[in-house]
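Participant: At position 147 of the sequence shown the residue is numbered 147 (the UniProt record's numbering), and the sequence of numbers has no breaks. For each residue, glycine too, the CB sits at the ideal point set by N, CA and C. Computed from a predicted structure; not experimentally measured.
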Amino acid sequence: GSVYEHRVSHLRSKISAFAYAKIKLEITFAWEFDEKDYQPKDSCTCPLRHAFMLPCRHLIPRQAIPVPFSMIGRRWIICDEVLQQLADNEIVDEQHDTNTDTNSTEQHQDDINTTVTETLKNKFYSIISEIDSKANDVTNQELETAIGQLESINNSLVDRKQITNILPPLQKQKPKGRPSSTKRNASQFEVVDATIKKKAKLLTKM
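1) For Ile15, write down the residues that DSSP places opposite it in a beta bridge.
2) Kindly give me the distance between the Cβ atoms of Phe44 and Leu59, rounded to whole angstroms, as I take these residues to be in contact under 8 Å.
3) Along the chain, where does the alpha helix (DSSP H) that runs through Asn136 open and close?
4) Closer than 7 Å: is that where the CB of Ser16 sits relative to any heavy atom of the ligand MG?
5) Since Cys56 contacts Arg49 with CB under 8 Å, what's their CB separation in whole angstroms?
6) So the candidates are Ile27, Val116, Ala146 and Trp76; which of them puts its Cα closest to the Cα of Ala51?
7) Distance check for Gln141 and residue 214, CA to CA, integer angstroms please.
8) Helix, strand or coil: which one does DSSP assign to His58?
9) Can you tell me the Cβ-Cβ gap for Ile23 and Val67, rounded? I've got them flagged as a contact below 8 Å.
10) Round the Cβ separation of Ser16 and Ser129 to the nearest angstrom and send it over; I've been treating them as touching at under 8 Å.
11) Count the other CB atoms, across all protein chains shown, that sit within 10 Å of the CB of Phe69; report buried if there are 16 or more and exposed otherwise.
12) For the alpha helix (DSSP H) holding His6, just list the boundary residues, first then last.
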C-alpha cells in the first residue's frame, strides 16, 4: 500500500469518499514539499481548507502521524460514533473553561446546545453531500424514487410561520374582581347605618 496509508486508514468509511480522496492527495504534498517552498498555515488561502473545511497541505502535519478527525469539518464525517466523540470532547473542553467562571453557567448550557445542533446539521449536510456524489451513478428510476423521498421530507419540515398560523387564537383573559359595569349589594353594616340615619332624620322633623 501507499507509504501514507497509515495516516489515513482510520478515516476510511468514517468520512465521505470525496473528503477521503482529497485528504490522501494533500498528505502527499504536505510530505514532499520542499521546506523553502512550504507556505505557513497562517497565510494559507486554500479553498479546500476555507470553503470545504478540510485539511490542506499547509495544515496537515509533515510528521508521519494519523490525520486527526478534529481537522475535518463535521459535514464530511459519516460515522455517528466519531461525531459523538468529537461532541463529547468539545463539551469537556467547554466545561473545563467554564469552571474558571462560575457566572457563565447559562452561557455554557447554550454552548452545549449549539454543539449538539451543529453536530446534527453537519450530519445532515454530510448525507446530502453523499447523495449528491452518487447522483451520476444511479438510474432514472432510482433518481425519481430519491426525489420523491426528499420532497416528502421537505414537505414535513413545516416552518415556524406555518405552525403559528395553525395554532388556535389566544383566549381573552377575564379581568379579576367585580366588573366595573355592575353594582355590588350593600353590606350588612351599610344597611344598619342607613336605617339609623333614616330614623334620626325622622326624629328631627317631629
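Facilitator: This is what the structure holds:
1) Partner(s): Ile77.
2) In the sequence as displayed, the identity of residue 44 is Cys instead of Phe. Confirmed, about 7 Å.
3) Counted as a single uninterrupted DSSP element, the stretch harbouring Asn136 is not any alpha helix (DSSP H), since DSSP gives it neither H nor E.
4) Ligands displayed in this structure: none; no statement on the ligand MG is therefore possible.
5) Confirmed, Cβ separation roughly 4 Å.
6) That would be Trp76, whose Cα lies nearest to the Cα of Ala51.
7) The first residue shown for the chain is 1 and the last is 206, placing residue 214 beyond what the model contains.
8) DSSP places His58 in the coil class of the three-state scheme, outside both helix and strand.
9) Distance from Ile23 to Val67 at the Cβ level is roughly 6 Å; contact confirmed, criterion being Cβ atoms closer than 8 Å.
10) Contact between Ser16 and Ser129 holds, with the beta-carbon distance rounding to 6 Å and staying under 8 Å.
11) Counting the other Cβ atoms within 10 Å of the Cβ of Phe69 gives 16 or more, which makes it buried.
12) Run containing His6: Glu5 to Val8, per the alpha helix (DSSP H) assignment.
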